[in-house]
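Once you know that position 479 of the sequence shown is 479 in my numbering, the rest is easy, because the numbers rise by one and skip nothing. Note that beta-carbon positions come from the ideal geometry of N, C-alpha and C, so glycine has one too.
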Amino acid sequence: MKKILQWVGAIGMVAVVACAPPGDDAAMVESDLSGAGDVAERLARYAPTELSADLAGVPESELEVLKEILEAARIMDEIFLRQVWQGNPAKRAELESAEADVKRFYDINFGPWDRLAENEPFLGDGEHPPGAGYYPEDMTKAEFEAWLEAHPEDREALTGLFTLVQRDGDRLVAIPYSVAFQEFLEPAAAHLRKAAELTTNESLRTFLASRADAFLTDDYYQSDKDWMDLASPVEVTIGPYETYEDGLFGYKAAFEAFVTVNLPEESAKLERFKALLPWLESNLPIPDDLKNERGTDSPMRVVDEVFVGGDSKAGVQTLAFNLPNDERVREEKGSKKVMLRNVLRAKYDKILVPIAERVVVSDQVGDVSFDAFFAEVLHHELSHGLGPGKITVDGRETEVRLELKELYSTLEEAKADVMGVYNILALIERGEIAPEMRASLEPSYVAGLFRAARFGLHEAHGRGVVAQFNYLLAKGALEVDESGRFRAVSEKFGGGIRDLLNTMLMLQANGDYEGTKAFLDTYGVASDALVAAVDRLGDVPVDIFPIYPQADELAPAG
């Protein structure tokens, strides 16, 4: 399988197009490159960063296992490329003669739309389909909902996490992922089975075998539970998980892969928070009858990233994650929180610190710390497993995700930001976290909001970040001085965070789509002060572009 991010030099476009007769493929490429003149500038927003993983804890015998897993992970790139847009394979083939920067930026974004510019096209002028590659491009939300209303027997299949929606004449039909992506899932499953045969770790063998089965059956329940039990020097996450790419409804899961190695000493330091999860749930600022009881197994891992593929590679790089998303597994076993240490460190050094120096008031900027940044990311991920999940609306048992539809991911990510801070403050008060963390928490949170805001002030996740700014400004928990720098107002900060969290949790608990829309319409619009502050960060990288030398050594891209 060809690695998507394997780039080589190419013949200049001018020379190719000059000798191409009208109507041939080279001329098509010329047309497709309209608007691509600023690609070098767009590419400069990513800081090339070599990520090295500490492989000292990986036995020699497991390196062959790691190689097979890497081969499977690379295949996730090809599946996700098609999930982003059905026309992606043909479009990418047209770019074979394009300049290296154009191909590189296309591959970073998995398509001709700039993810850091709210999916504006950088090639041609075609709009990004809201339903990505999951639905017919010409299908509207109204058409889909009307079909479900008229054909309730189709609802489960058409709204399922693991199906594509296609037209069959005048019908809408569901195509299972195992059928739609068979040519990729079969070899990926074969690599996982080979890795399962090679490993000496029983929990890894069990997960790899059950995940290989799931690729061919679309039943991920058992393999999600096996992943929760995974305790191995090689920590792998692979399959369809997040639904952010589905901008129509947030129903469809995207394929991704994290190939990592466990850092057991670092992981052990976090285990104490597992026992506190029930208390954190009970301490949420909502009525007790709206709180959820979930499994508390919730293992925590600190890992180094060796390679990332598919959805998790596109655009902004993931710092940490909390999976699985299946509420059945969460109720039984909780969820696993995985912290990507080498990615966190790279983003802190190259991005967060320079941002803080530009936007945080001078008497607070020195308090920004990596420990606070790490704690915020950890408790953000813990917070995804807390609060409303399964809910009852008008007598129906349902899930927050299904009721809030395309607004779910925006509110859920913002909730996790705010709940993470709320929980750290509560744990400081309880004596579980040193009180010195308080001074660094607030300015680190402010700098972190700016880091996230630069991914797009007006796109889905960006609106959740903006809503946090505006709400806390309105509460007096944040202030802007005459120079446009932001200050956390300590005496009002805790109360503002609590009130904001209550608002978000109640929207989720009630499955309130219209209320969520009104909240985001009210608070999710960037102010002039916020826009001006973001504009001052123009020469700071927006994100890293990871380079994986160890992955290329272990399993050279073919």
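With distances taken Cα to Cα, identify the nearest neighbour of residue i among the options.
| i | options | result |
| --- | --- | --- |
| residue 469 | 529, 397, 435 | 529 |
| residue 163 | 405, 156, 177 | 177 |
| residue 447 | 42, 511, 478, 471 | 478 |
| residue 75 | 126, 311, 39, 345 | 311 |
| residue 512 | 541, 454, 496, 402 | 402 |
| residue 428 | 505, 273, 81, 334 | 273 |
| residue 300 | 315, 321, 283 | 321 |
| residue 47 | 307, 349, 336, 146 | 349 |
| residue 454 | 64, 531, 57 | 531 |
| residue 186 | 73, 475, 138 | 73 |
| residue 245 | 234, 124, 86, 133 | 133 |
| residue 194 | 179, 254, 211, 497 | 211 |
| residue 345 | 314, 544, 422, 282 | 544 |
| residue 336 | 282, 271, 317, 316 | 271 |
| residue 385 | 276, 431, 307 | 276 |
| residue 525 | 363, 144, 456 | 456 |
At the level of alpha carbons, what is the spacing between residue i and residue j?
| i | j | result |
| --- | --- | --- |
| residue 357 | residue 365 | 6 Å |
| residue 264 | residue 302 | 7 Å |
| residue 136 | residue 239 | 23 Å |
| residue 93 | residue 426 | 53 Å |
| residue 106 | residue 507 | 37 Å |
| residue 260 | residue 112 | 29 Å |
| residue 189 | residue 236 | 14 Å |
| residue 552 | residue 78 | 18 Å |
| residue 104 | residue 499 | 44 Å |
| residue 247 | residue 130 | 5 Å |
| residue 381 | residue 169 | 43 Å |
| residue 371 | residue 309 | 28 Å |
| residue 379 | residue 449 | 15 Å |
| residue 516 | residue 504 | 8 Å |
| residue 147 | residue 262 | 47 Å |
| residue 249 | residue 172 | 16 Å |
| residue 98 | residue 267 | 45 Å |
| residue 28 | residue 123 | Reliability fails at residue 28, whose pLDDT of 36 lies under 50, so the model's placement of it is uncertain and no value is given. |
| residue 191 | residue 82 | 21 Å |
| residue 201 | residue 59 | 11 Å |
| residue 121 | residue 198 | 44 Å |
| residue 424 | residue 518 | 29 Å |
| residue 476 | residue 319 | 30 Å |
| residue 85 | residue 255 | 14 Å |
Return yes when the Cβ of residue j is within less than 8 Å of the Cβ of residue i, no when it is not.
| i | j | result |
| --- | --- | --- |
| residue 359 | residue 184 | no |
| residue 109 | residue 241 | no |
| residue 509 | residue 388 | yes |
| residue 541 | residue 45 | yes |
| residue 376 | residue 420 | yes |
| residue 228 | residue 329 | yes |
| residue 397 | residue 390 | yes |
| residue 203 | residue 232 | yes |
| residue 304 | residue 53 | yes |
| residue 413 | residue 464 | yes |
| residue 49 | residue 547 | yes |
| residue 352 | residue 451 | yes |
Taking all protein chains shown into account, decide if residue i is buried (16 or more other Cβ within 10 angstroms of its Cβ) or exposed.
| i | result |
| --- | --- |
| residue 443 | buried |
| residue 416 | buried |
| residue 167 | exposed |
| residue 269 | exposed |
| residue 22 | Because the pLDDT at residue 22 is just 31, under 50, the model does not fix this residue reliably, and the value given afterwards should be weighed accordingly. Exposed: under 16 other Cβ atoms inside 10 Å. |
| residue 550 | buried |
| residue 61 | exposed |
| residue 68 | buried |
| residue 341 | buried |
| residue 535 | exposed |
| residue 289 | exposed |
| residue 317 | buried |
Please classify residue i: does DSSP put it in a helix, a strand, or coil?
| i | result |
| --- | --- |
| residue 152 | helix |
| residue 284 | coil |
| residue 31 | Because the pLDDT at residue 31 is just 43, under 50, the model does not fix this residue reliably, and the value given afterwards should be weighed accordingly. It is helical. |
| residue 46 | strand |
| residue 323 | strand |
| residue 482 | coil |
| residue 166 | strand |
| residue 354 | helix |
| residue 194 | helix |
| residue 339 | strand |
| residue 475 | coil |
| residue 404 | helix |
| residue 25 | Annotation note: pLDDT 36 at residue 25 (below 50); position unreliable, coordinate value reported separately. It is helical. |
| residue 292 | coil |
| residue 5 | Low confidence applies to residue 5: its pLDDT is 30, below 50, so where it sits in the model is not reliable, and the reading given next is rough at best. Correct three-state label for residue 5: coil. |
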